[in-house]
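Heads up: the protein sequence lines correspond to chains Y and S, in order.
Read left to right, the first sequence gives residues 1 to 382 (full-length UniProt numbering).
Read left to right, the second sequence gives residues 1 to 382 (full-length UniProt numbering).
Note sheet for the following structure.
2 protein chains.
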Amino acid sequence: MGVLETTRMRACTATKVAPGTKRGAIDLPVGRILAGDCVEAMRSLPTASVDLVFADPPYNLQLGGELNRPDGSHVDAVTDAWDRFDSFAAYDAFTRDWLSEARRVLKPDGALWVIGSYHNIYRVGAILQDLGFWLLNDIVWRKTNPMPNFRGTRFTNAHETLLWASTGEKARYHFNYRAMKTLNDELQMRSDWVIPICGGQERLKENGHKAHPTQKPEALLYRVLLATTEKGDVVLDPFFGTGTTGAVAKRLGRQWIGCEREAAYREVATRRIAKELPLDESAIATMNSPRTAPKVAFGAVVEAGLLPPGTHVFDKKRRWTATVRADGSLVCAGASGSIHGLGKELQGAPSCNGWAFWHYDAAGEIKPIDAVRQTYLLSVED
Amino acid sequence: MGVLETTRMRACTATKVAPGTKRGAIDLPVGRILAGDCVEAMRSLPTASVDLVFADPPYNLQLGGELNRPDGSHVDAVTDAWDRFDSFAAYDAFTRDWLSEARRVLKPDGALWVIGSYHNIYRVGAILQDLGFWLLNDIVWRKTNPMPNFRGTRFTNAHETLLWASTGEKARYHFNYRAMKTLNDELQMRSDWVIPICGGQERLKENGHKAHPTQKPEALLYRVLLATTEKGDVVLDPFFGTGTTGAVAKRLGRQWIGCEREAAYREVATRRIAKELPLDESAIATMNSPRTAPKVAFGAVVEAGLLPPGTHVFDKKRRWTATVRADGSLVCAGASGSIHGLGKELQGAPSCNGWAFWHYDAAGEIKPIDAVRQTYLLSVED
DNA sequence: CTCGGGGATGAATCTAGTC
DNA sequence: GGACTAGATTCATCCCCGA
Numbered sequence: 001m002g003v004l005e006t007t008r009m010r011a012c013t014a015t016k017v018a019p020g021t022k023r024g025a026i027d028l029p030v031g032r033i034l035a036g037d038c039v040e041a042m043r044s045l046p047t048a049s050v051d052l053v054f055a056d057p058p059y060n061l062q063l064g065g066e067l068n069r070p071d072g073s074h075v076d077a078v079t080d081a082w083d084r085f086d087s088f089a090a091y092d093a094f095t096r097d098w099l100s101e102a103r104r105v106l107k108p109d110g111a112l113w114v115i116g117s118y119h120n121i122y123r124v125g126a127i128l129q130d131l132g133f134w135l136l137n138d139i140v141w142r143k144t145n146p147m148p149n150f151r152g153t154r155f156t157n158a159h160e161t162l163l164w165a166s167t168g169e170k171a172r173y174h175f176n177y178r179a180m181k182t183l184n185d186e187l188q189m190r191s192d193w194v195i196p197i198c199g200g201q202e203r204l205k206e207n208g209h210k211a212h213p214t215q216k217p218e219a220l221l222y223r224v225l226l227a228t229t230e231k232g233d234v235v236l237d238p239f240f241g242t243g244t245t246g247a248v249a250k251r252l253g254r255q256w257i258g259c260e261r262e263a264a265y266r267e268v269a270t271r272r273i274a275k276e277l278p279l280d281e282s283a284i285a286t287m288n289s290p291r292t293a294p295k296v297a298f299g300a301v302v303e304a305g306l307l308p309p310g311t312h313v314f315d316k317k318r319r320w321t322a323t324v325r326a327d328g329s330l331v332c333a334g335a336s337g338s339i340h341g342l343g344k345e346l347q348g349a350p351s352c353n354g355w356a357f358w359h360y361d362a363a364g365e366i367k368p369i370d371a372v373r374q375t376y377l378l379s380v381e382d
Numbered sequence: 001m002g003v004l005e006t007t008r009m010r011a012c013t014a015t016k017v018a019p020g021t022k023r024g025a026i027d028l029p030v031g032r033i034l035a036g037d038c039v040e041a042m043r044s045l046p047t048a049s050v051d052l053v054f055a056d057p058p059y060n061l062q063l064g065g066e067l068n069r070p071d072g073s074h075v076d077a078v079t080d081a082w083d084r085f086d087s088f089a090a091y092d093a094f095t096r097d098w099l100s101e102a103r104r105v106l107k108p109d110g111a112l113w114v115i116g117s118y119h120n121i122y123r124v125g126a127i128l129q130d131l132g133f134w135l136l137n138d139i140v141w142r143k144t145n146p147m148p149n150f151r152g153t154r155f156t157n158a159h160e161t162l163l164w165a166s167t168g169e170k171a172r173y174h175f176n177y178r179a180m181k182t183l184n185d186e187l188q189m190r191s192d193w194v195i196p197i198c199g200g201q202e203r204l205k206e207n208g209h210k211a212h213p214t215q216k217p218e219a220l221l222y223r224v225l226l227a228t229t230e231k232g233d234v235v236l237d238p239f240f241g242t243g244t245t246g247a248v249a250k251r252l253g254r255q256w257i258g259c260e261r262e263a264a265y266r267e268v269a270t271r272r273i274a275k276e277l278p279l280d281e282s283a284i285a286t287m288n289s290p291r292t293a294p295k296v297a298f299g300a301v302v303e304a305g306l307l308p309p310g311t312h313v314f315d316k317k318r319r320w321t322a323t324v325r326a327d328g329s330l331v332c333a334g335a336s337g338s339i340h341g342l343g344k345e346l347q348g349a350p351s352c353n354g355w356a357f358w359h360y361d362a363a364g365e366i367k368p369i370d371a372v373r374q375t376y377l378l379s380v381e382d
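Printed below as a string of structure tokens:
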């Protein structure tokens, strides 16, 4: 197997149509949501044309009767028709179909992500291996705020699983090791990710009701795309839903294609992505070189959206202003580095505590970024 | 499906031979390590005789020893360079074999645990479902100190997965909810467990080298056995290795049976378990049900004179006031019923915990009637 | 304006015993 | 086996509203 780490190496093998270029050899419906069944929709795409597939298929929950909380309120469960299958065999056939088509559409050095729960992920994983995909990692999304087990009958189901696979045992794939390490406080990014479920402002509503029962948090897609794609890559999501994949892809400068059967979801997703703004070029650039390795605990704060990429930070006297990048590094006047390293370099000082040195504008009030760290710590403490 | 929470209830359905009793109807090789292939060894055990199976199967075929292809031909794991299909097919056949035998040996209300990594757990999970097992949870063992990914090519593989399954969708199973909640600082135990890998004093050594490549931490087995077995239960481990399952089972007052093909491991395990001391009776009992709340009929409280007939009870917001009747029923504006039923009916709710819903006036202080239940419990304790 | 309490809610395979 | 009833059961977060 092989690993390509830098944008440059990636560009050499890329066959995608960069936006703005004229060499439209491959005509991809980039930035569009294809209507109808995803297998049919994928058939319309050329072979070996996509860099990444991210799929959030139905989980086949097989729920029984009604469930109430101890206070008597009703649990709004996922009972939609799209999640119902007659048997494991039917679910397996469905899974084989869409995975096969995804495999055809992927470039040889592309990769696939699937998210699921214990209801379906073991079937998906086995079929994926049977089809020749090669598992690179299984990733555990540890939810900070899962729904409890109201009846006290099992362990609280507090996680979901993502599978990351290349197209084969010997296939090349892309992993932005440095970006992940930077994002994780200079420690290797682990296979368990602590991320809250999607709620609050991020949760899309229609007429006061959730627009989609299983909307995924953007932080999840953020990490997936940052880890395994480069700027300009084409990302395909066969179960587009409300378009979290598209929104995050657009923000990070990736191209996207969606498939979605339900017209209502397509409309919500279209409106959502239209409002999304791509991050500044400098904000997207990630730390790819070990030489400039920043020593930060800052990446998680960025990922959590507390200081989104593109945010400007500055020292107290406003001598320097820097831009936050996606992996938690800063860039300022050609120089870049961690919050500590860049502060040190700019001042010509022997050392610098970036948390105290850099400030941000909190609704008119100038605060050290350490304030955000505190907020973040409170939000993820476990 | 059903859940039994107390030791008393469990004893009603148990068919195991309690130690020290004479009713040895079932002759189990309890406290012994069976030599040879685990499928063969399990064949020597009676049907429906074991309460729990905990299995740590080999993660790859090299460690699996004797394997046969579906057509019966022998697979030499060390020298053969078989293709993907042969490899997975052989592992699947092996998995089906031992899981089928485990299923036969399990009591109808027994349960199965399997631990694995992304290399094998998806195959195991799918086969387990195919055989009729019913997944209850998948548990993530999050390692505090995993081995780093030295080459920086993937995410640090920082977890392993455990599957917990009952014998079928409608099958009963055992879950010590209170014990788990207590163990987790009075919060529901989640599906992600943070436990260090096995090392230090706990790691068994032979001639300075680790005695077994994949020795599991005792903390893992401790939690598994505490959660899903009762004292005296029979636990079977088909891949016994150095006997972590046996050691923890002995400590917790569970009976155990092991299967292990390697004589060297059997010797290590035997010595290890001999040194293990069972915990004191009271220590085990305390851990199992630290806050057992026996069921109390409201009528008994009335009968005891703690809330005499004629007492007025009301909900917190005083929307309804009901009168206690001599038989422990409540009456309110023509409607009547149990404390639960009437509360449910008045609110139009799907369910109601009357102990928390109804309040009474305790010398000017408004208290839920559950407070009286506690008083009652104390009074009948001795 | 802030602060605190109450209500709502999230991919959930969610009861046991008796007649 | 189905209907019925007694009884047991929740964590983190966000929004709204009132003080």
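Cβ atoms here follow ideal geometry from the backbone N, Cα and C, with glycine treated the same way.
Note that the structure is a prediction, hence the values are computed from the model and not measured.
Spatial distance of residue i from residue j (CA atoms)
| i | j | result |
| --- | --- | --- |
| Y:Arg178 | S:Glu260 | 44 Å |
| S:Ser338 | S:Leu307 | 14 Å |
| Y:Ala371 | Y:Gly310 | 18 Å |
| S:Ile369 | Y:Gln215 | 41 Å |
| S:Val331 | Y:Ser73 | 24 Å |
| S:Trp164 | S:Ser117 | 15 Å |
| Y:Tyr91 | S:Tyr376 | 53 Å |
| Y:Gly31 | Y:Thr47 | 18 Å |
| S:Pro146 | Y:Arg325 | 29 Å |
| S:Ala211 | S:Glu262 | 12 Å |
| S:Ser289 | S:Ile197 | Residue placement at S:Ser289 is flagged as unreliable, the pLDDT there being 41, under the threshold of 50; the coordinate-derived value follows with that caveat. The straight-line gap from Cα to Cα measures roughly 28 Å. |
| Y:His359 | S:Ala349 | 52 Å |
| Y:Gly199 | Y:Lys143 | 12 Å |
| S:Ala293 | Y:Asp56 | Unreliable positioning characterises S:Ala293 in this predicted model, as indicated by a pLDDT of 48, which lies under 50. The coordinate reading is nonetheless provided below. Cα to Cα, S:Ala293 sits roughly 42 Å from Y:Asp56. |
| S:Phe357 | S:Asp315 | 6 Å |
| Y:Gly243 | S:Val235 | 48 Å |
| S:Lys281 | Y:His119 | It should be pointed out that residue 281 of chain S corresponds to Glu in this sequence rather than to Lys. If I take the Cα positions, the gap works out to 39 Å. |
Paired residues, beta bridge with residue i - DSSP
| i | result |
| --- | --- |
| S:Trp134 | S:Ser166 |
| Y:Ala322 | Y:Val313 |
| Y:Ile257 | Y:Arg32 and Y:Leu236 |
| Y:Pro368 | Y:His359 |
| Y:Asn68 | Y:His74 |
| S:Thr242 | Looking at the DSSP assignment, S:Thr242 forms no beta bridge with any residue, so it has no partner. |
N-terminal and C-terminal residue of the beta strand (DSSP E) that residue i is part of
| i | result |
| --- | --- |
| residue 387 of chain Y | No answer is possible for residue 387 of chain Y: the residues shown for chain Y start at 1 and end at 382. |
| S:Gly337 | Ala335 to Gly337 |
| S:Ile195 | Asp192 to Ile195 |
| Y:Ala35 | Arg32 to Ala35 |
| Y:Leu52 | Val50 to Ala55 |
| S:Arg330 | Before going on, a small fix: residue 330 of chain S reads as Leu here, not Arg. Unbroken beta strand (DSSP E) run through S:Leu330: Leu330 to Cys332. |
Per-residue burial, residue i [other beta carbons within 10 Å of its own, 16 or more giving buried]
| i | result |
| --- | --- |
| S:Asp185 | exposed |
| Y:Gln201 | exposed |
| Y:Trp355 | buried |
| Y:Trp113 | buried |
| Y:Leu187 | exposed |
| Y:Phe240 | buried |
| Y:Arg103 | buried |
| Y:Lys181 | buried |
First and last residue of the uninterrupted alpha helix (DSSP H) at residue i
| i | result |
| --- | --- |
| S:Gly116 | First-last for S:Gly116: Leu106 to Gly116, but that is the beta strand (DSSP E), not the alpha helix (DSSP H). |
| Y:Glu267 | Ala263 to Lys275 |
| S:Arg43 | Cys38 to Arg43 |
| S:Lys181 | Tyr177 to Leu183 |
Exercise for review: May I ask you to list, following chain order, the residues of the region 134–147 of chain S that have a beta carbon less than 8 Å from some beta carbon of chain Y?
Suggested key: Taking 8 Å as the Cβ-Cβ cut-off against chain Y, the residues of the region 134–147 of chain S that qualify are Leu135, Leu136, Asn137, Asp138, Ile139, Val140, Arg142 and Pro146.
Practice item. Can you give me, in chain order, the residues of the region 47–80 of chain Y that have a beta carbon less than 9 Å from any beta carbon in chain S? Key: The residues in question are Gln62, Glu66, Asn68, Pro70, Asp71, Gly72, Ser73 and His74.
Point to revise | Cβ-based contacts, 9 Å cut-off: residues of the region 314–332 of chain Y near chain S | key: Shown here is that no member of the region 314–332 of chain Y has a Cβ falling below 9 Å from a Cβ of chain S.
Practice item. Please name the residues in the region 113–132 of chain S whose beta-carbon is closer than 9 Å to at least one beta-carbon of chain Y, in chain order. Key: Answer in chain order: Ser117, Tyr118, His119, Ile121, Tyr122, Arg123, Val124, Gly125, Ala126, Ile127, Leu128, Gln129 and Asp130.
Check your understanding: If you measure beta-carbon to beta-carbon, which residues of the region 192–214 of chain S are closer than 8 Å to chain Y?
Key -> The region 192–214 of chain S vs chain Y, Cβ under 8 Å: Asp192.
Exercise for review: Residues of the region 152–177 of chain S with a CB closer than 7 Å to any CB of chain Y: list them in chain order, please.
Suggested key: If the cut-off is 7 Å between Cβ atoms, the region 152–177 of chain S has Gly152, Thr153, Arg154, Phe155, Thr156, Asn157, Ala158, His159, Phe175 and Tyr177 near chain Y.
**Study point:** Selection of the region 349–377 of chain S by Cβ proximity to chain Y, strictly under 7 Å
**Key:** The residues in question are Ala349, Pro350, Ser351, Cys352 and Asn353.
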